[in-house]
Each structure stands twice: as C-alpha cells, then as structure tokens.
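Asker: Dropping the structure in here first, questions after.
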Amino acid sequence: MTIATNKEFSARRTNVLRLGSVLLAAVASACTSTPTPDQMSRTAVETAPADLQLLCANAAAQAGGVESSKVLPTSSRKLDAKTYQVDLNVGGKPVSCTVDTEGNVISV
Amino acid sequence: MNVNPEGAKTCSGGGRGGLQRFSLAKAAILLATGLAFSVGVALAAGTQVYNPKTGQWTNYDRTQAYKYYRTHKQVPESFRMQVVKFRTAEQPGTIIIDGNQHFLYLVQPGQKAIRYGIGVGRDGFGWAGIVRVGRTAEWPTWTPPAEMVARDPNARKWAKGQPGGPDNPLGARALYLYEGDQDTIYRIHGTPEPWTIGLDVSSGCIRMNNDDIVDLHSRIQVGAKVIVLMQGAALYKGV
Chain A
1 MTIATNKEFS
11 ARRTNVLRLG
21 SVLLAAVASA
31 CTSTPTPDQM
41 SRTAVETAPA
51 DLQLLCANAA
61 AQAGGVESSK
71 VLPTSSRKLD
81 AKTYQVDLNV
91 GGKPVSCTVD
101 TEGNVISV
Chain B
1001 MNVNPEGAKT
1011 CSGGGRGGLQ
1021 RFSLAKAAIL
1031 LATGLAFSVG
1041 VALAAGTQVY
1051 NPKTGQWTNY
1061 DRTQAYKYYR
1071 THKQVPESFR
1081 MQVVKFRTAE
1091 QPGTIIIDGN
1101 QHFLYLVQPG
1111 QKAIRYGIGV
1121 GRDGFGWAGI
1131 VRVGRTAEWP
1141 TWTPPAEMVA
1151 RDPNARKWAK
1161 GQPGGPDNPL
1171 GARALYLYEG
1181 DQDTIYRIHG
1191 TPEPWTIGLD
1201 VSSGCIRMNN
1211 DDIVDLHSRI
1221 QVGAKVIVLM
1231 QGAALYKGV
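Chains A and B supply the protein sequences, listed in that same order. Read in order, the letters of the first sequence are residues 1 to 108 in this note's numbering. Read in order, the letters of the second sequence are residues 1001 to 1239 in this note's numbering.
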C-alpha cells in the first residue's frame, strides 16, 4: 500500500471534478430539450393542443347524446407532463374532461 | 364564388397600413422610451419564439416580429405552412382555429392537417364558436364597420369601401364566416402586414399571409365547418 502525496491527491481530485462537470453538463443537456421546428412558438397561455381539445369535445358529445356542433372547448390547462384538463360547453352546460398526450380521453 | 363583393362590412386588423405607417409608429415608440418599455412588458405576456442559435425563448411582440420579417423575409418556421399530425373525428375539409397558439388547421385524411400561422383578435376582440364558410372572395373589397369608422380615423376614408388590392387589409382572399345564414362580420383573410402573423392584433378577424390564404382558399369548399377555439374569448358564436 502506498500513501499518495499531496500532489497526487490534488491531481486525482481535479480529475474527479472534471468528470463530474462533464457528467453534469451531459445530464443538463439531456434535460433541456430543443423543440422541433413545428413547436418553436408558444404563448403565455399553455392550452391543450387543438386536436386534444376536440377529442374531448367529441367524447363529451357522445357521452351526453348531444350533437358535436353543440359542444365547444372553452378553456384548457396542463395537469402534468402527459395530461390536460379541458373545460367544455356541452349544450350550455359546463363539463370537464381529461385527456392524455396520446389522445386517450381519460374521463368526461 | 363572389369577386369583389360590394358593401360587405368586415372586421379588420387594428393598426392598418403598410411599412411606412409602422415605421412612424416605431419612431414614436422610440421617442417615448418610458412608454415603450411599459408597452413591451405588456406585450411580453403574448407570443414567444425559440431561437435555435441561442437555445432560448424570446418574446415575439410587434416590434420583434417586424424585425424578424425584415431580416428573414418570412415568418418564424413555426408559423409557416406545414403538414402536422392531427388526431380528430372531424371531417377532412374542416377548418380548426387555435386562437391562443396562432394556428389554423385544415383537416386532411389520415389524422393529418395542414397547419398555417395566423394573427388573431387583440385583447377584448377574441371570440370562439362553431361557424361555417358562407362565401369567399378574391381580392375583396374592405368596408369597415361603423364602430371602426367611429374609432379609427384611418378607416374613415374607406367608410364606403376600399377596393381590393395589395394595400387592402383583407389581402388576396377572404372567407366570410356565417352563423347559419347570418354573416358574423368575421372573416379569415389575407393581409398586407405579413409580419403580424403569430400576434394578437386584429379586431376579431383571422389573418393569414397572402400565399397561405390563397392556398387555403383553393382547398376549401363553401359550407365548410369552422371551429374557433379561443380561451378567454369575449364572444361566442354558433353554440
């Protein structure tokens, strides 16, 4: 067994710190995703994508036995990374719907 | 199809006029720097676009939009015409407008849609509903509604109608939106101010680049269903 000199210890510590920095940078870049060209705009109001809002409207029309032309999404919000809540006007009545990013209506 | 219909009173964008008028407005804003800052902050709550070079989202207000258009001769990529995935039970040919995100979708077969960038109504002028295309026009005449004539001195001289042409606020084509058989006064139309796509600028009409509205006009049928989604709408039509 050998005892490391102060100089060797310092060099090892520097190498460990460099490796840590590289790993940290890699993790950070993986977490910061670059949007695809079709998603390079956004607004302060983070609404559900239009197709998901209308999938909810269609599901609510079927569930309520109402013509789809009488169902309109009025507002929406992101619940978590994979789920949106959509508020609907169904023939004059407020109805809430949740839908996931794959287009599966979870509840009406 | 009607060509240059007379007497069709329509909404139109706020801030009519071309580059010259915009430059004057910009100069005025630069002079009043304090006011310009507060205006900038107010608009910052609106659209943002991603800059791939810096990897950052930046505010996209009217001044930034004009600068971008002057530099690139087109709007940011997100607002250009493109085919996108669109899961829907709506029939192909249906028009769906996402007023909050500034997109117009024309539903295509196979769970796809053609997506176009749009400009929509500014605060207090946004609306939502389910309407239809009642008629269309090429290089339409623009006749401002009485309320606009009353509040906008620039609209006053066209109270009896501005003939179609490159300076006309309705641009190259107009799709007139009807609720049943009733004209809503709202239109989907072109614009002589293409840099305003992606912004909340109009009096309730949906504006598109002239190339895009010509393309959309060539693809749709009179009678097509139009669904307008707008969170925080001031008005509802057809529901």
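Glycine is no exception: its CB is placed at the ideal position from the N, C-alpha and C atoms.
Report yes if the C-beta distance between D1257/B and L1235/B is below 9 Å; otherwise report no.
Answerer: Coverage of chain B is limited to positions 1001 through 1239, which leaves residue 1257/B absent and any answer about it impossible.
Asker: Just the chain B side, please: which residues come within less than 7 Å of K70/A by C-beta, in chain order?
Answerer: Correct list: V1239.
Asker: Please list the residues of the segment 1074 to 1092 of chain B that have a C-beta atom closer than 7 Å to any C-beta atom in chain A, keeping them in chain order.
Answerer: From the segment 1074 to 1092 of chain B, only P1076, E1077, S1078, F1079, Q1082, V1084, F1086, R1087, T1088, A1089, E1090 have a Cβ closer than 7 Å to chain A.
Asker: Just by C-beta distance, which residues in the segment 1045 to 1057 of chain B are closer than 8 Å to chain A?
Answerer: Against chain A - using a Cβ distance shorter than 8 Å - the residues of the segment 1045 to 1057 of chain B are A1045, G1046, T1047, Q1048, V1049, Y1050, P1052, G1055, W1057.
Asker: Relative to the alpha-carbon of I1096/B, which residue among V1226/B, H1217/B, P1166/B, Q1231/B has its alpha-carbon at the smallest distance?
Answerer: Of V1226/B, H1217/B, P1166/B, Q1231/B, the residue nearest in Cα terms is V1226/B.
Asker: Taking the CB atoms as reference points, tell me whether S1202/B and S41/A lie closer together than 9 Å.
Answerer: No, they are not a contact pair.
Asker: State the CB to CB distance for the pair S76/A and V90/A, rounded to an integer number of angstroms; the pair is presumed to be in contact (CB under 8 Å).
Answerer: Actually they are not in contact, since the Cβ atoms of S76/A and V90/A sit about 15 Å apart, beyond 8 Å.
Asker: Taking the alpha-carbon of V1107/B as reference, which of G1171/B, G1117/B, R1122/B, T1088/B has the nearest alpha-carbon?
Answerer: Among G1171/B, G1117/B, R1122/B, T1088/B, the Cα nearest to that of V1107/B belongs to T1088/B.
Asker: According to the neighbour-count rule (16 or more other Cβ atoms, all chains shown, within 10 Å of its Cβ), is Q53/A buried or exposed?
Answerer: That one is buried.
Asker: Excluding five sequence neighbours on each side, which residues of the same chain lie with their C-beta closer than 6 Å to the C-beta of D1211/B?
Answerer: If we look at D1211/B and ignore the five residues flanking it on each side, it has no Cβ neighbours.
Asker: How about A1128/B: is its C-beta nearer than 9 Å to some C-beta of chain A?
Answerer: Yes, A1128/B counts as interfacial toward chain A.
Asker: Closest to G1134/B by CA distance: which of K1160/B, L1104/B, H1217/B, H1102/B is it?
Answerer: The residue with the shortest Cα to Cα distance from G1134/B is H1217/B.
Asker: Using a Cβ-Cβ cutoff of less than 7 Å, which residues in the same chain neighbour Y1178/B once the five nearest sequence positions on both sides are dropped?
Answerer: Here the set comprises V1131, R1132, G1134, T1184.
Asker: Check this for me: beta carbons of V984/B and P1076/B, under 9 Å apart or not?
Answerer: Only positions 1001 to 1239 of chain B appear in the structure, and residue 984/B is not among them; the question remains open.
Asker: Below 9 Å between beta carbons is the criterion; list the residues of the segment 1216 to 1229 of chain B that meet it against any residue of chain A, in chain order.
Answerer: Answer set for the segment 1216 to 1229 of chain B: K1225, I1227, V1228, L1229.
Asker: Return helix, strand or coil for C56/A, following the three-state DSSP convention.
Answerer: Three-state DSSP puts C56/A in a helix.
Asker: Would DSSP call N89/A helix, strand or coil?
Answerer: It is a strand residue.
Asker: Three-state secondary structure (DSSP) at G103/A?
Answerer: Correct three-state label for G103/A: coil.
Asker: Can you pull the chain A residues whose beta carbon is under 7 Å from the beta carbon of Y1116/B, in chain order?
Answerer: Per Cβ cutoff of 7 Å: no residues; Y1116/B is ~12 Å from chain A at best.
Asker: Would you kindly work out how many angstroms separate the C-alpha atoms of H1102/B and G1198/B, rounded to a whole number?
Answerer: Their Cα atoms are separated by approximately 5 Å.
Asker: Could you tell me which chain A residues have their CB closer than 7 Å to the CB of I1213/B, listed as they occur along the chain?
Answerer: Those within 7 Å of I1213/B in chain A number zero; the least Cβ separation is about 19 Å.
Asker: From I1118/B to M1208/B, what distance separates their C-alpha atoms?
Answerer: Using only the alpha carbons, I get a separation of about 5 Å.
Asker: How about P35/A and A57/A: are their beta carbons less than 9 Å apart?
Answerer: No.
Asker: What is the rounded straight-line gap between the Cα of E1240/B and the Cα of A60/A?
Answerer: Absent from the model: residue 1240/B. The displayed extent of chain B is 1001 to 1239, so no value can be given.
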